[in-house]
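Residue numbers (our numbering): 1 to 72.
Notes follow the structure.
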């Protein structure tokens with residue numbers, strides 16, 4: 001088994017990226033999170049079936065990130 005030297009990145013959806021731009025504290029905390037926690041936030045948001053649910057999840061994610069809460 002070999003270690004993969006490539007950095008692990010998470011594609012942040014545009015709606016979450018826009019919300020984080022308007023919430024600097026949430027964005028700063030999100031950027032400190034490990035890959036796994038970032039991925040969990042993104043998967044939770046992308047798992048929403050409707051636009052209303054997705055919008056609510058983005059808002060909730062920003063609130064949680066401002067409180068410096070991880071997904072677990």
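For every residue, glycine included, the Cβ atom is placed at its ideal position computed from N, Cα and C.
Cβ-based neighbour list, residue i, same chain, cut-off 6 Å, excluding 5 preceding and 5 following
i	result
residue 25	66
Environment of residue i [buried if 16+ CB atoms lie within 10 Å]
i	result
residue 38	buried
residue 19	buried
residue 61	buried
Contacting residues, own chain, Cβ-Cβ under 7 Å from residue i (five flanking each side not counted)
i	result
residue 10	35, 38, 39, 42
residue 52	none
residue 23	62, 66
Residue interval of the alpha helix (DSSP H) (run including residue i)
i	result
residue 4	That residue, residue 4, is in no alpha helix (DSSP H); it is neither H nor E in DSSP.
residue 27	24-32
residue 19	14-21
residue 58	51-66
residue 10	Premise fails: residue 10 is in no alpha helix (DSSP H) and is neither H nor E.
C-beta atoms of residue i and residue j nearer than 9 Å
i	j	result
residue 44	residue 71	yes
residue 46	residue 54	yes
residue 58	residue 4	no
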